[in-house]
Every structure is written in structure tokens, then in C-alpha cells.
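Residue numbers (our numbering), protein chains in the order written: chain A, 405 to 541; chain B, 2 to 147. We put the CB at the ideal spot given by N, CA and C, even for glycine. One structure is given here, and the rest of the page talks about it.
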Amino acid sequence: MKRFILAFVAAYIFIFFWGWLLNGVLLKDIYVQTPNLWRPQSEMMSLFHWIIIGQALIVFAFVMIYASGFAGGGVAAGIRLGVLLEIAAIGMRMGFYAVQPIPGKLIFFGSVSGIIEMIIVGAIVGAIYKPAVARMS
Amino acid sequence: MNWKKFFFAFIAAFGFIFLFGFLWYGKLMHGPHQEVPILWRTETDFGNHFSTLVFGHIVMAFFLTLLCARFVPAGGAGACAVMGILVALVYAGADMITFAVQPLTTKILWGWIVGVLIQFTIGGAIIGALYKAPPSNMTFVKERPR
Chain A
405 MKRFILAFVA AYIFIFFWGW LLNGVLLKDI YVQTPNLWRP QSEMMSLFHW IIIGQALIVF
465 AFVMIYASGF AGGGVAAGIR LGVLLEIAAI GMRMGFYAVQ PIPGKLIFFG SVSGIIEMII
525 VGAIVGAIYK PAVARMS
Chain B
2 MNWKKFFFAF IAAFGFIFLF GFLWYGKLMH GPHQEVPILW RTETDFGNHF STLVFGHIVM
62 AFFLTLLCAR FVPAGGAGAC AVMGILVALV YAGADMITFA VQPLTTKILW GWIVGVLIQF
122 TIGGAIIGAL YKAPPSNMTF VKERPR
């Protein structure tokens with residue numbers, strides 16, 4: 405349980421700063437091209453708790469999936485899970501792209517950065533979380 | 002891995018996920034979606050991007066099938082439904098983040114969250130019911146007559 409919480413906290417801190425760096429800094433110019441699709445800055449700040457809860461839910465589900473079928477494989481298994489989940493997320497992003505006039509560039513960069521993000525999250529979780537049996541031996 | 006069973010499970014999961022998505026998001030949530038028309042493509046534009054929607058669903062169904070088939074040791078509908086719920090939580094988290102940055106209504110947010118939970122729980126259960134890998138250490142021993 406202690407390892408689960410540690411893995412969750414470490415992955416969450418990474419995902420939070422990565423999200424800020426990517427969406428708040430690196431992709432800022434692309435977001436500006438479609439202002440109608442986004443909330444004004446002040447409104448986003450008033451709903452910021454949804455970003456925190458959403459990211460926490462993603463990391464929680466990631467660690468749960470890792471613990472239920474991948475644990476014991478270490479960093480490599482974590483990376484494998486990260487890649488699998490991110491490719492599934494690309495499927496969801498394609499669904500959004502089909503119904504919303506989001507710039508294709510944003511989908512592309514979001515997906516590339518998503519792969520990098522999930523590889524690092526997988527490595528963090530795989531390095532920290534160890535199943536009880538593996539720790540005993 | 003049993004690829005024949007995998008293929009059938011994937012096709013069934015794709016069929017369900019796509020059909021459910023059409024009914025839930027396209028029909029049932031049509032009204033709430035129309036409250037923010039600026040967020041959506043026009044009918045014609047959506048028609049031009051329909052193949053992307055289909056391909057996106059293929060990708061989601063394929064990776065859910067892969068996760069259930071390879072990484073749910075117990076197998077079966079129940080265990081794969083649990084995996085489906087966990088995958089749905091990832092999508093629900095992404096929906097919450099979308100809600101914070103896009104002018105969606107709370108009705109849309111909760112509709113999406115409930116929808117994705119139902120979609121992937123049942124999707125996972127279908128995969129688990131159709132794909133049952135035999136235990137790798139199973140041996141058949143003929144009982145000796147007494």
C-alpha cells in the first residue's frame with residue numbers, strides 16, 4: 405500500500421508539471437488559433453480543481469492497472485502499459501478530432517507528447533511499485 | 002495468445018463500443034451537445050471526418066482487447082469488466098480536464114463520464130466472455146480405473 409501511494413504521488417507530480425509545461429507553455433500558440441473552443445483564462449482558473457481531480461484519476465487508474473496485471477515486470481512493464489494506454493488515448497483523441505474543429509497540429513503534438521508522458525509515468529510507477537512477493541524474495 | 006478468439010472478441014467489442022457511442026453520445030446526448038454548438042463540426046464537416054471517428058474506435062477496442070487478453074490473468078467477464086472500469090477511469094479523468102478547459106456544460110461532463118463507464122465496463126465484459134485463454138499450466142491426466 406505504501407509503495408502504491410508513493411508511485412501515485414510521484415507519477416502525479418510528474419503528470420501535473422508535464423501538463424503545465426506542454427499545454428501552458430509549449431502548445432500555447434496553437435491553442436490561441438482557436439479561441440472559441442477554449443474557456444477564458446479566468447474561467448479555467450476557477451475550474452482548476454477539475455484538472456487536479458482528472459489528473460489524479462488518470463494516475464490512480466494507471467497504478468491500479470499496473471498493480472493488477474503488470475507488477476513484477478518493473479520499469480519495462482510500466483513503460484509497456486504506458487504505451488498501451490496512450491495508444492488507446494490516441495483513439496479517443498481521434499474521436500474528439502472527428503466531432504470538434506480542433507487543429508490537427510494540436511492532436512499530433514498532443515499524441516506525441518502523450519506517448520512521452522506515459523512512457524515516463526510507466527517508468528516511474530514500474531520503478532517504485534513492487535508487488536509484496538517480489539519485495540520479499 | 003489465441004488469435005482467433007482475440008479477433009472475435011475485438012470485433013464484438015468494437016461493434017458494441019461504436020454502437021453504444023452512437024446511441025449515447027450521438028442520440029441521447031444530442032440535446033445537451035446542442036447547448037454549445039460552437040464546439041462541434043457542422044454535419045458536412047463531420048461527414049468528412051467520419052473515418053477518423055471509426056478508426057479511433059477501432060484503436061480503443063483493439064487496445065482494450067489486448068489489455069484484457071494479455072494482462073488479466075484470471076480472465077472471464079467479471080475480471081475484464083473491472084479492467085474496463087479502470088480504462089474508463091482514465092478516459093473519465095481526461096473528460097474532467099477537457100471540462101476545465103473547454104466551455105462544456107456539467108450535463109455534458111456527467112453524461113460523458115457515465116457513458117464511458119457503461120461503454121467500457123460492458124465492452125470489457127464482452128471481451129472477457131468471448132476471450133478465455135486456457136491456463137498455461139493445465140495438464141490433462143487420465144484417471145486410472147479402480
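Quick one: what does DSSP say residue i is sitting in, helix, strand or coil?
i	result
B/H31	helix
B/I98	helix
A/K432	helix
B/K108	helix
A/R443	coil
B/K133	coil
B/Q103	coil
A/I506	coil
B/W4	helix
A/G477	coil
A/M405	coil
B/R42	coil
B/T122	helix
B/E36	coil
B/I127	helix
A/Q437	coil
B/Y26	helix
A/Y470	helix
B/V142	Its pLDDT being 46, under 50, B/V142 is placed unreliably in this model, and the coordinates cannot settle the point.
A/Y533	coil
A/L489	helix
A/L410	helix
A/L451	coil
Quick one: list the residues of chain B neighbouring residue i, beta-carbon separation under 7 Å, in chain order.
i	result
A/W442	V102, Q103
A/I455	I98, A101
Please tell me whether residue i has its Cβ less than 8 Å away from any Cβ of chain C.
i	result
A/V503	Here the protein chains are A and B, and chain C is not one of them.
List the residues of chain B that residue i touches, going by C-beta distances under 9 Å, in chain order.
i	result
A/G495	F56, G57, H58, I59, V60, M61, A62, F63, F64
A/L451	F100, A101, V102
Determine the burial state of residue i: buried for a count of at least 16 other Cβ atoms within 10 Å of its Cβ, exposed for fewer.
i	result
B/T66	buried
B/D46	exposed
A/Q459	buried
B/H58	buried
B/V88	buried
B/E44	exposed
A/A531	exposed
A/G495	buried
B/I12	exposed
B/E36	exposed
B/T122	buried
Could you work out which residues of chain A lie near residue i, taking near to mean beta carbons separated by less than 9 Å?
i	result
B/T106	Within chain A, no residue comes near B/T106; the closest Cβ sits about 12 Å away, beyond 9 Å.
B/V88	A465, I469, L489, A492
Taking residue i as the query, report the chain A residues whose CB atoms sit under 8 Å from its CB, ordered along the chain.
i	result
B/I39	N440, L441
B/F186	Lying before the first or after the last residue shown, residue 186 of chain B is absent from chain B, which here runs from 2 to 147.
B/A95	G458, I462, A493, M496
B/F47	A502, V503
Under 7 Å between beta-carbons, which chain A residues line up against residue i? List them in chain order, please.
i	result
B/V73	G473
B/L67	L488
Would you say residue i touches the ligand COA, meaning its beta carbon is less than 7 Å from a heavy atom?
i	result
B/F23	This structure does not include the ligand COA; it has no bound ligands of any sort.
Cβ closer than 8 Å: which chain B residues qualify as neighbours of residue i?
i	result
A/A411	Under the 8 Å cutoff, chain B gives no residues; its nearest Cβ is about 15 Å from A/A411.
A/F466	V91
Worksheet item: Unbroken alpha helix (DSSP H) runs of length 4 or more, entirely within the region 49-100 of chain B: which are they?
Response: Taken in chain order, the complete alpha helix (DSSP H) segments of 4 or more residues contained in the region 49-100 of chain B are 51-72.
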